[in-house]
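Student: Okay, handing you the structure first.
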Amino acid sequence: MDRRKFLLGAGSAAIGGSALVGSGAFTRVESQRRVKIEVAEDPDAYLGLEGCEGSPNSSYTNIDDSGHLEVDMSPDNTTDAGGQGINSDSRSYFDDVFQICNNGKQDVCVWINDDDDWPTYDDTGERRVEFYVGNSVGAGDLTGLEEQSIIGQENAVQLTTGQCVCIGIATVSKELSEEDQLLAELDNEITITADADVECEATACPELSGAYECTSYLFSQAAEEWERIGTGFAVTNLGSATTADIAVANEPGKWEDDLEIGAFETTGIVSDASFPTRALLFWDPVDEECIDVVDAPTWGEYKEEEDIDDLEDWFDKFGTADPPDDIPEDPDDDLVVRVEDIPEEGVEDQVGPDESIPDDQWPDMSDPAEEEGWITCEKFDDEE
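As structure tokens, then:
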């Protein structure tokens, strides 16, 4: 069990907020036998803590002089663009900031201890600070991250020996003043627990979800405008590593199989479907119990519900373009399937993303398209 001190507060007057995540004075691991382990620097300890490898948001982290992880979003660690902290009166999301690694000799369940005094934003009930796995795309407010939260033993994630999981940080600074601390009610401390003697069965099951991210465009010199060419999606796995298949309808349809998605990872997918309307994610549930855990139908059950015969029939029903040439005769009926409406659930006869955008309007789509939830990839990247 590692105790870490988190000082997240409103700070910089120029930008509004700052966040500093500090460290306690020691590292220890607590097991059923209460064997105390010698102190090590955080990246090398049996419960390793360091910046998320390969993530640009790991630049908010460093190892302090005591060998402990520090996450600094304050004026002491400005970004290249001059940013000095989180915005005031806002919700901020930072995917993949730091990682927790199991450097021990047995599988463990890992979570951040919950507390009755955990501060919340009264208007919505959101936590002032949320720690989560995966991607925050489509979260809306912080309550949209509850299924990805790593706070509380009920949200524990399983780490096999040598496995790491990256943790994101989301904050709500609404109705706070400069120098307010977001976790003051917790004395600015949280506890990270790794326990080999408890079960975290839910996360042993692969559990996939998909989300529309953005629409890609290419500039046409001849037309002097930006022309629509495809769509970016994010597929998040909140369980153990798996391979997945994805089907996307519409204009044109897309099929991709054997997509490898690691445990607690988000994978980006690019599709030629420039006006997607619906997507299916298929994966092996591992065992029958996992079907109940992820609360999703099998492909056989879904076909019966929708009164369709096979995958080609699905493309015909939910798309307007011909099915892709490379689709299989039909996926295995025992595969779990998750249905994703794009970009918003339950939208019918929706306005699509703009086919083209005048250069002087770029990167904004038309108001009707953006109100529908579509966004250009350049604008999406700027908002990340």
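Sequential numbering of the sequence shown, starting at 6, is according to this note's numbering.
Just so it is clear, CB atoms sit at the ideal spot from N, CA and C, and this is done for glycine as well.
If you compare alpha carbons, which of I296, P348, F238 and E194 is closest to P124?
Tutor: Position 119 of the sequence shown, counted from the first residue, corresponds to residue 124. Comparing Cα-Cα distances from P124 to each of I296, P348, F238 and E194, the minimum goes to E194.
Student: Is it the case that the segment 285-302 contacts the segment 242-252, given that we only count it when at least three CB pairs across the two stretches are under 8 angstroms?
Tutor: Result yes; three or more Cβ-Cβ pairs closer than 8 angstroms.
Student: Excluding the 5 residues flanking F320 on each side, which residues of the same chain have their C-beta closer than 6 angstroms to its C-beta?
Tutor: As a first step, residue 320 must be located in the sequence shown, where it is residue number 315. The residues are A254, G258 and P328.
Student: Quick check: the Cα distance between I172 and S97, rounded to an integer number of angstroms?
Tutor: Taking the first residue of the sequence shown as position 1, residue 172 is located at position 167. Taking the first residue of the sequence shown as position 1, residue 97 is located at position 92. Each residue's alpha carbon lies about 14 angstroms from the other.
Student: Counting along the chain, where does the alpha helix (DSSP H) carrying L316 start and finish?
Tutor: Sequence index remark: in the sequence shown, residue 316 carries index 311 (1-based). L316 to F323 is the span of the alpha helix (DSSP H), which, as asked, contains L316.
Student: What are the boundary residues of the alpha helix (DSSP H) that Y217 is part of?
Tutor: Indexing the sequence shown from 1 puts residue 217 at position 212. Premise fails: Y217 lies in the beta strand (DSSP E), L213 to S225, not in any alpha helix (DSSP H).
Student: When we look at the beta-carbon of K308 and count the other beta-carbons within 10 Å, is it buried (16 or more) or exposed?
Tutor: Start at 1 with the first residue of the sequence shown, and residue 308 comes out as number 303. By the neighbour-count rule (16 or more Cβ atoms within 10 Å), K308 is buried.
Student: Are the beta-carbon atoms belonging to A284 and I347 less than 8 angstroms from one another?
Tutor: Position 279 of the sequence shown holds residue 284. Position 342 of the sequence shown holds residue 347. In contact: A284 and I347 (Cβ atoms closer than 8 angstroms).
Student: Go through its chain and collect everything with a Cβ distance to P373's Cβ below 7 angstroms, but skip five positions before and after it.
Tutor: In the sequence shown, residue 373 corresponds to position 368, counting from 1. Excluding residues within five positions, the ones whose Cβ falls inside 7 angstroms are V356.
Student: Assuming E230 and D364 are in contact, meaning their beta carbons sit under 8 angstroms apart, how far apart are those beta carbons, in whole angstroms?
Tutor: Here residue 230 is taken as the residue at index 225 of the sequence shown, counted from 1. Here residue 364 is taken as the residue at index 359 of the sequence shown, counted from 1. Their Cβ separation, rounded to whole angstroms, is 6 angstroms, which keeps E230 and D364 in contact under 8 angstroms.
Student: CB A201 to CB D112, shorter than 8 angstroms?
Tutor: By 1-based counting over the sequence shown, the position of residue 201 is 196. By 1-based counting over the sequence shown, the position of residue 112 is 107. Yes.
Student: Going along the chain, which residues of its own chain have a beta-carbon closer than 7 angstroms to the beta-carbon of E350, five neighbours each way excluded?
Tutor: Working through the sequence shown from its first residue, we reach residue 350 at position 345. Because the pLDDT of E350 is 49, which lies under 50, any placement of that residue in the model is unreliable, and the number read from its coordinates should be weighed accordingly. Excluding sequence neighbours, E350 sits near nothing in its chain.
Student: Along the chain, where does the beta strand (DSSP E) containing P363 start, and where does it finish?
Tutor: Here residue 363 corresponds to residue number 358 of the sequence shown, with the count starting at 1. S361 to P363 is the extent of the beta strand (DSSP E) around P363.
Student: Under 6 angstroms Cβ to Cβ from D262, same chain only, skipping five residues before and after it: list those, please.
Tutor: Mapped onto the sequence shown, residue 262 falls at position 257. Excluding residues within five positions, the ones whose Cβ falls inside 6 angstroms are D250.
Student: Cα-Cα, which of L213, I234 and F103 is closest to C219?
Tutor: Residue numbering aside, residue 219 sits at position 214 when the sequence shown is read from its first letter. Comparing Cα-Cα distances from C219 to each of L213, I234 and F103, the minimum goes to I234.
Student: Just list the alpha helix (DSSP H) runs in the segment 99-143, keeping only unbroken ones of 4 residues or longer that don't cross its boundaries, in chain order.
Tutor: The segment 99-143 contains no whole alpha helix (DSSP H) run of 4 or more residues.
Student: Return helix, strand or coil for L191, following the three-state DSSP convention.
Tutor: Walking along the sequence shown from the start, residue 191 turns up at place 186. Note: L191 maps to helix in three-state DSSP.
Student: Considering Cα atoms alone, identify which of L164, G109 and C210 is closest to L340.
Tutor: Locating residue 340 in the sequence shown gives position 335, counting from the first residue. Taking only the C-alpha atoms, the option nearest L340 is C210.
Student: Can you name the residues that DSSP bridges to K259?
Tutor: Taking the first residue of the sequence shown as 1, we reach residue 259 at position 254. For K259, which the question treats as bridged, DSSP gives the partners V253.
Student: Shortest alpha-carbon distance to A216 belongs to which of S60, E345 and V134?
Tutor: The sequence position of residue 216 within the sequence shown is 211, counting from 1. The candidate whose alpha carbon is nearest that of A216 is E345.
Student: Could you check what DSSP says for S154 in three-state terms: helix, strand or coil?
Tutor: Indexing the sequence shown from 1 puts residue 154 at position 149. Strand, per DSSP.
Student: Got a sec, what are the start and stop residues for the beta strand (DSSP E) W367 sits in?
Tutor: Working through the sequence shown from its first residue, we reach residue 367 at position 362. W367 -> no beta strand (DSSP E), and no H or E assigned at all.
Student: On the DSSP bridge list, what partners appear for S276?
Tutor: Position 271 of the sequence shown, counted from the start, is the residue given in the question as residue 276. According to DSSP, S276 bridges with T236.
Student: Looking at the strands, I want to know which residues DSSP matches up with I296.
Tutor: By 1-based counting over the sequence shown, the position of residue 296 is 291. DSSP, once it has assigned bridges, lists no residue as partnering I296.
Student: Does DSSP put A228 in a helix, a strand or coil?
Tutor: Here the question's residue 228 lines up with position 223 in the sequence shown. Reduced to three states, the DSSP call for A228 is coil.
Student: Specify the secondary structure class of S178 as computed by DSSP and reduced to three states.
Tutor: As a first step, residue 178 must be located in the sequence shown, where it is residue number 173. Three-state DSSP puts S178 in coil, outside helix and strand.
Student: So the beta strand (DSSP E) G56 belongs to, where does it begin and stop?
Tutor: Position 51 of the sequence shown, counted from the first residue, corresponds to residue 56. L52 to G56 is the span of the beta strand (DSSP E), which, as asked, contains G56.
Student: Using the Cα positions of E376 and D369, report the straight-line distance between them to the nearest angstrom.
Tutor: As a position in the sequence shown, residue 376 is number 371, starting the count at 1. As a position in the sequence shown, residue 369 is number 364, starting the count at 1. Rounded to the nearest angstrom, the two C-alpha atoms are 12 angstroms apart.
Student: Between the alpha carbons of I266 and T241, how many angstroms are there, rounded?
Tutor: Along the sequence shown, read from residue 1 onward, the residue named residue 266 stands at position 261. Along the sequence shown, read from residue 1 onward, the residue named residue 241 stands at position 236. Taking the straight line joining both Cα atoms gives about 8 angstroms.
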